[in-house]
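Residue numbers (full-length UniProt numbering): 1 to 141.
No residue lacks a Cβ here, since even glycine has one placed at the ideal position from N, Cα and C.
Since we're looking at a predicted model, the values are computed, not measured.
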Amino acid sequence: MTRQPTLLDRLGASVRASYETDRRDKPHCFTGSPDGLGTEFLFVENVARMLGCGVDFVRRIPRGELPASKIGARLIYRRADVVALINLRRDQGRGAKRVPARKPLVSAQGSTLQLIAPYVEGAFDPVSYVRKTRERRKAGQ
């Protein structure tokens with residue numbers, strides 16, 4: 001005599017099927033499981049979560065800085081390599097970056113260019129400056 005599946009049996013089967021679907025579709029969520037990759041290896045989603053960035057950024061990191069193994073269609077990273085990348089890119093706090101002084105503007109003839117508007121203390125009003133320049137030109141003609 002076969003036993004009729006009860007509601008509890010059907011619910012358990014549904015949960016197991018959902019679990020297997022999640023393991024297939026989202027393997028990065030199961031890396032800590034004993035039958036998964038374990039804690040030593042990470043998928044690209046796990047690395048992105050560790051670094052606080054997007055998956056595309058992780059994929060653009062050169063393989064010289066972050067080695068990876070390709071298993072099927074997936075890239076797998078070692079946790080030690082991710083930690084080494086973090087230490088490699090660590091800011092040592094050596095102070096502000098030096099910015100070279102600006103070169104003077106030079107015209108095509110080789111003479112140094114001057115600013116059109118002279119520096120005036122206080123706020124600069126471009127409308128009044130244009131009016132004064134026009135008045136000077138008219139007076140000079």
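Through-space distance from alanine 80 to proline 34, alpha-carbon basis: The count along the sequence shown starts at 1 and reaches residue 34 at position 34. The count along the sequence shown starts at 1 and reaches residue 80 at position 80. Note on proline 34: pLDDT 49, under 50, position unreliable in the model; the coordinate value appears next. Rounded to the nearest whole angstrom, the C-alpha separation of proline 34 and alanine 80 is 19 angstroms.
Reduced DSSP category for leucine 66 - H, G, I as helix; E, B as strand; rest coil: As a position in the sequence shown, residue 66 is number 66, starting the count at 1. Under the three-state reduction of DSSP output, leucine 66 falls in the coil class, being neither helix nor strand.
Around the Cβ of leucine 8, are there at least 16 other Cβ atoms within 10 angstroms (buried) or fewer (exposed)? Counting from one through the sequence shown, the residue named residue 8 turns up at place 8. The residue is exposed, with fewer than 16 neighbouring Cβ atoms inside 10 Å.
Which of the three DSSP states, helix, strand or coil, is assigned to phenylalanine 57? If you number the sequence shown from 1, residue 57 lands on position 57. Here phenylalanine 57 carries a helix assignment [DSSP, helix/strand/coil].
Alpha carbon to alpha carbon, how far is valine 47 from glycine 54? Give it in angstroms, no decimals. The residue labelled residue 54 in the question sits at position 54 within the sequence shown. The residue labelled residue 47 in the question sits at position 47 within the sequence shown. Straight-line Cα distance between these residues: approximately 9 angstroms.
Would you please state the rounded distance, in angstroms, between the beta carbons of alanine 68 and leucine 75? I believe it to be under 8 angstroms. Against the sequence shown, residue 68 aligns to sequence position 68. Against the sequence shown, residue 75 aligns to sequence position 75. Here alanine 68 really is in contact with leucine 75; their C-beta atoms are around 4 angstroms apart, less than 8 angstroms.
Within 10 angstroms of its Cβ, does valine 58 collect 16 or more other Cβ (buried), or is it exposed? By one-based count along the sequence shown, residue 58 stands at place 58. Around the beta-carbon of valine 58, 16 or more other beta-carbon atoms lie within 10 Å, marking it buried.
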